[in-house]
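One structure below.
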Amino acid sequence: MTLLRIDASILPATSSSREIADIVEQEWTTTHPHDEVVRRHLGSQPLPAQAWADAVTAAFTPEDQRTEGQQRAVALAAELVEELTSADAVLLAVPLYNFGVSQHVKAWIDLVIAGSEAGAPLLEGTPVVLATVRGGSYAAGTPREGWDHSTAYLRRILEDVWQADLTLVEREFTLVGVNPALDAFTDQAAEMQEQAFSAAREAGAALGVPAEDLAS
């Protein structure tokens with residue numbers, strides 16, 4: 001089996017999404033010790049910003065008239081689609097940035113869509129774990145309820161468009177201990193961290209296990 005791991009933090013050394021994804025991967029590796037993990041870090045090695053536009057316009061340009069940029073973009077989009085669809089399981093570590101999806105993640109999604117048929121269920125039947133973190137709390141009843149414009153979008157793409165068998169692992173208040181304004185939530189943050197770590201262990205253990213085995 002092959003696990004495709006996509007990271008998106010721009011601060012990998014202190015990343016909370018990486019921390020959760022590491023737990024998921026460790027559990028997966030325990031049950032798949034000889035299998036391959038393919039890695040792509042969108043935060044550390046971002047995709048070219050112009051690639052999506054070049055890939056889209058290339059579709060309306062005869063091959064012999066495409067620019068070098070268009071040719072590279074088409075090849076990159078095809079590479080990303082092949083990488084994604086070849087995986088037996090997928091793990092994404094995606095933090096919330098500025099109330100939405102980071103430009104790096106959006107570029108990856110846009111290129112995958114550009115390199116595939118419209119609406120193609122690229123991950124149909126594929127188990128996917130999405131590890132996402134938020135610095136504060138965006139839960140119902142909080143002042144910033146509804147400000148998380150990332151998670152719903154990612155679910156729409158992964159679950160509804162690409163038809164993934166999606167498991168969501170979330171953690172909030174990751175900036176407690178960093179932002180003094182959140183010091184009052186120290187105990188709540190610690191509880192949320194433990195809940196997220198527990199969910200990550202469970203998700204990692206189940207990742208790649210046939211559905212019939214999980215049900216038995």
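Okay, so the sequence shown: first residue is 1 according to full-length UniProt numbering, each after it adds one.
Backbone N, C-alpha and C fix where the C-beta goes; we use that ideal spot for every residue, glycine too.
A quick note: this is a predicted structure, and the numbers were derived from the prediction, not measured.
| Query | Result |
| --- | --- |
| Report back the beta-carbon spacing between residue 16 and residue 133 to the nearest angstrom; my notes put them in contact at under 8 angstroms. | 4 angstroms |
| Please name the residue or residues paired with residue 175 in a DSSP beta bridge. | Its beta-bridge partners do not exist; DSSP assigns none. |
| Could you compute how far the alpha carbon of residue 141 sits from the alpha carbon of residue 148? | 13 angstroms |
| Bridge partners of residue 57, per DSSP? | Looking at the DSSP assignment, residue 57 forms no beta bridge with any residue, so it has no partner. |
| Below 8 angstroms on the Cβ atoms is my guess for residue 201 versus residue 27; work out the distance and round it to an integer in Å. | 6 angstroms |
| Residues in its own chain within less than 8 angstroms of residue 216 by CB, not counting five upstream and five downstream? | Residue confidence for residue 216 is low, a pLDDT of 48 falling below 50, so the modelled location carries little weight; the figure read from the coordinates is stated next. Result list for residue 216: empty, nothing under 8 angstroms. |
| Helix, strand or coil, according to DSSP, for residue 132 in the structure here? | strand |
| Using 8 angstroms as the threshold, is the region 64-73 in touch with the region 86-101, meaning 3 or more CB pairs across them? | no |
| Could you say if the region 102-120 and the region 177-194 meet the contact criterion of at least three C-beta pairs nearer than 8 angstroms? | no |
| In angstroms, rounded to a whole number, what distance separates the CA positions of residue 154 and residue 119? | 15 angstroms |
| State yes or no: is the C-beta of residue 169 within less than 8 angstroms of the C-beta of residue 20? | yes |
| Flag residue 24 as yes when its Cβ comes closer than 7 angstroms to any non-hydrogen atom of the ligand GDP, and as no otherwise. | Looking at this structure, you won't find the ligand GDP or any other ligand, since it has none at all. |
| Please state if the CB of residue 196 and the CB of residue 171 are separated by a distance shorter than 8 angstroms. | yes |
| Assuming residue 90 is part of the alpha helix (DSSP H), what are its boundary residues? | No alpha helix (DSSP H) holds residue 90; the beta strand (DSSP E) holding it covers 89-95. |
| Within 10 angstroms of the Cβ of residue 77, are there 16 or more other Cβ atoms? Answer buried if so, exposed if not. | buried |
| Does DSSP put residue 41 in a helix, in a strand, or in coil? | strand |
| In angstroms with no decimal places, state the Cα-to-Cα distance between residue 108 and residue 42. | 8 angstroms |
| Got a sec, what are the start and stop residues for the alpha helix (DSSP H) residue 219 sits in? | Absent from the structure is residue 219, since the part of the chain shown begins at 1 and ends at 216. |
| In the DSSP assignment, the beta strand (DSSP E) including residue 7 goes from what residue to what residue? | 2-7 |
| Determine the contact status of residue 127 and residue 89, defining contact as a CB-CB distance below 8 angstroms. | yes |
| Label residue 3 either buried or exposed according to how many other C-beta atoms from any shown protein chain fall within 10 Å of its C-beta, with 16 as the threshold for buried. | buried |
| Out of 86, 14, 52, which has the shortest C-alpha to C-alpha gap to residue 114? | 52 |
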